[in-house]
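I have placed the structure first, in the form of structure tokens, so that the comments after it can refer back to it.
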Amino acid sequence: MASNSWDIVLAGECMASRPFSQCEDPEFLQIVELMREADLTMAHLEMNFGDPEEINFPSRNDWVASFMIADGQVADDFKWAGVDMMSLAHNHSFDWGPDGILSTIGHCKRVGIAHAGTGRDLEEARKPGYRETRRGRAALISVGTGNKNNEWAGMPKATMKGRPGMNPLRVHLNHQVDGEAAAQLRRIVEKLHIDYRRFDAVEGEIRLQFPELASNRSVPVFTEGPEFKIFSKCHVKDLEANLRSVQEASAMADMVLVSHHTATSEGARGDTPPAYAVEFAKACIDAGADMYIGHGWHRTLGIEIYKGKPIFYGLGNFFAQSEFNDRVPADSYESWGHDPDQLPKHNPASEPLHPGLVDTLWWGSVLFRVQMEGHRVKQIRLYPVNLGRNPAVRGEVTRPVGSGHHMKTDGRPYLADPQAGAVILERMRKLSEGLGTKLVVKDNVGVIDL
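Heads up, the final residue of the sequence shown is numbered 450 in the UniProt record's numbering, and it's a clean run with no missing numbers.
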């Protein structure tokens, strides 16, 4: 029989490029013990698992970012650390094409980590992943926003197989501009002949079809309004399909988690979630989910309580080791400004090669421990996590690796010391307070009591 009481740990975005089960640092093992003690531990995998013999080639050459992959043995280390479930839908899911999709799924299955969010076709990618626990059956739905259309999993039709890929939640963005700017846009459209009309054209919209994006059906949409603002909302059919997965999970499991990678923002990434994430989070809970888990910002965001259930808009990073990726494709060097004719002299230590390595918010986050009682949240404890840099001083490395001119950072999660913890938890307190959630800090732990 399922229990009404659950102790659930949530870990953020995992970019783990190095094995870690050999580590004995007390600050690291404190985090591991929290994960092992829980009835259920869920983490977001922001990369692929795959050994060199499993991967043929990268899937693209125009993405200015790391190609995220770790050897299959790192999956064993996550199992060692107590991880029970991993969400796999994100904007790096398809970095290594169908090979990477299948090898990641294969390594999760091999070590016994339940997973969701990618698959051999769209039906499999949308399917909930299930985990049997001592408290009952848990389900995970994993969704990603911000992928290119060739990365979305597809359905089979006639004699054609479905397309391997990730589970998408597309969004509609409306870029509202004032009257003067709208008049200029209409003039630009007319003079450059880049107006775009199709079956779903809406009166008053200004759609720009730039020649370099002609093969992409997604075009920038502008409308005239009283102020400059970007609005977002979920793609109706993707929303409906993913809510069906939530309803299935609610009927088939005792605890339902929805994990959402929100790589699309309304302009620059700030400290508030985009409207489509809020829309999706609350729709999931209305459909039967017990919690919504957002990530993708690579920084923590606030916590909201909706109908007695928690919404985590941004978990932040949990492992940050992208600069230790040792399989960097030739195209990636060119994308970061390195001369492709000098390829033999480039190597994974070349700089620049990886994003987000200076922002202090990249290096400090939280391990969340959630007490659920009867499908309602009773308490949330926030354990501050430091990944090897001072969260109060931009660029200051506290756990360096190597002795090159560009200092690299260890990137593993340590239980933060009180000084770093105060900075991390104060951010969470302020952001959650703005969402109507009271957080109190006690002995370097954030506490939300309900």
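For glycine and all other residues, C-beta sits at the position ideal for the given N, C-alpha and C.
Predicted model, so just to flag it, every value in this text is computed and none were measured.
Are there 16 or more other CB atoms within 10 angstroms of the CB of residue 74, so buried, or fewer, so exposed?
The residue in question, residue 74, is buried, as its Cβ has 16 or more Cβ neighbours within 10 Å.
Measuring alpha carbon to alpha carbon, tell me which of 111, 412 and 164 ends up nearest residue 319.
Out of 111, 412 and 164, 412 has the C-alpha closest to the C-alpha of residue 319.
What does DSSP give as the partner residue(s) for residue 172 in the beta ladder?
Bridge partners of residue 172: 233.
On the three-state DSSP scale, how would you describe residue 209?
Coil at residue 209, not helix or strand.
Answer yes if the segment 152-163 comes into contact with the segment 128-135, meaning at least three C-beta pairs across the two stretches below 8 Å, and no otherwise.
Judged by Cβ distances under 8 Å, the segment 128-135 makes no contact with the segment 152-163, as fewer than three pairs qualify.
At 4 residues or longer, what runs of the alpha helix (DSSP H) sit wholly inside the segment 48-116?
Whole alpha helix (DSSP H) segments, 4+ residues: 73-80 and 97-111.
Around the C-beta of residue 317, are 16 or more other C-beta atoms found within 10 angstroms, so that it is buried, or is it exposed?
Flag for residue 317 reads buried.
Starting from residue 284, trace the alpha helix (DSSP H) both ways and give me its first and last residue.
It spans 275-287 - the alpha helix (DSSP H) in which residue 284 sits, taken as one unbroken run.
Is it buried or exposed for residue 190, if we count other Cβ within 10 angstroms and need 16 for buried?
So residue 190 ends up on the exposed side.
For the structure I just gave you, are there three or more beta carbon pairs, one from the segment 67-84 and one from the segment 343-350, closer than 8 Å?
The answer is no - the segment 343-350 does not touch the segment 67-84, with fewer than three Cβ pairs under 8 Å.
Look at the Cβ atom of residue 256, then the Cβ atom of residue 114, and state whether they are nearer than 9 Å.
Not closer than 9 Å, so no.
Would the beta-carbon of residue 164 fall within 9 Å of that of residue 120?
Their beta carbons are under 9 Å apart, which means residue 164 touches residue 120 by this criterion.
Would you mind listing the alpha helix (DSSP H) stretches within the segment 259-344 that are 4+ residues and don't spill past its ends, in chain order?
Counting whole runs of 4 or more residues, the segment 259-344 contains the alpha helix (DSSP H) stretches 275-287 and 330-335.
So residue 310 packs on residue 377, CB below 8 Å; how close in whole Å?
About 5 Å; that satisfies the 8 Å criterion.
Which residues in the same chain have their Cβ closer than 6 Å to the Cβ of residue 266, if we skip the five residues on either side of it in sequence?
For residue 266, where only same-chain residues beyond five positions count, the Cβ hits under 6 Å are 230, 232 and 274.
Reducing DSSP to helix, strand and coil, say where residue 386 ends up.
Note: residue 386 maps to strand in three-state DSSP.
Taking the beta strand (DSSP E) that residue 448 belongs to, which residues open and close that run?
Looking at the DSSP string, the run of the beta strand (DSSP E) that includes residue 448 is 445-449.
DSSP beta-bridge partners for residue 132?
Answer is 137, bridged to residue 132.
According to DSSP, is residue 360 part of a helix, a strand, or is it coil?
Looking at residue 360 - three-state DSSP - the assignment turns out to be helix.
Tell whether a beta-carbon distance below 9 Å holds between residue 96 and residue 142.
Their beta carbons are not under 9 Å apart, which means residue 96 does not touch residue 142 by this criterion.
Within 10 Å of its beta-carbon, does residue 107 have 16 or more other beta-carbons around it, so buried, or fewer, so exposed?
With 16 or more other Cβ atoms within 10 Å, it is buried.
Among the candidates 19, 17 and 32, whose CA atom is the shortest distance from the CA of residue 9?
Among 19, 17 and 32, the Cα nearest to that of residue 9 is on 32.
Quick check on DSSP: helix, strand or coil for residue 250?
Three-state DSSP puts residue 250 in a helix.
If you compare alpha carbons, which of 25, 436, 40 and 18 is closest to residue 11?
For the residues 25, 436, 40 and 18, the minimum Cα distance to residue 11 belongs to 40.
Who pairs with residue 145 in a beta bridge, going by DSSP?
Residue 145 is bridged to 262.
Counting along the chain, where does the beta strand (DSSP E) carrying residue 222 start and finish?
That run of the beta strand (DSSP E) goes 221-224.
With which residues is residue 368 paired in a DSSP beta bridge?
BP columns for residue 368 point to 10 and 382.
Looking only at C-alpha atoms, which of 148, 361, 202 and 249 sits nearest to residue 263?
That would be 148, whose Cα lies nearest to the Cα of residue 263.
Take residue 420 as the anchor and find which of 364, 249, 351 and 294 has the nearest alpha-carbon.
Nearest C-alpha to residue 420: 364.
In terms of residue numbering, what span does the alpha helix (DSSP H) encompassing residue 435 cover?
Neither: residue 435 is in no alpha helix (DSSP H) and is coded neither H nor E.
Within this structure, are the beta carbons of residue 235 and residue 90 separated by less than 9 Å?
Not closer than 9 Å, so no.
Using the Cα positions of residue 424 and residue 437, report the straight-line distance between them to the nearest angstrom.
Each residue's Cα considered, the two are about 17 Å apart.
Please classify residue 244 as buried or exposed, where buried requires at least 16 other C-beta atoms within 10 Å of its C-beta.
Result: exposed.
Measure how close the beta-carbons of residue 239 and residue 283 come, nearest whole angstrom, since I'm counting them as under 8 Å.
Residue 239 to residue 283, Cβ: 7 Å. Contact.
Where does the unbroken beta strand (DSSP E) through residue 42 begin, and where does it stop?
Unbroken beta strand (DSSP E) run through residue 42: 40-45.
Around the C-beta of residue 410, are 16 or more other C-beta atoms found within 10 angstroms, so that it is buried, or is it exposed?
Buried, since its Cβ has 16 or more Cβ neighbours within 10 Å.
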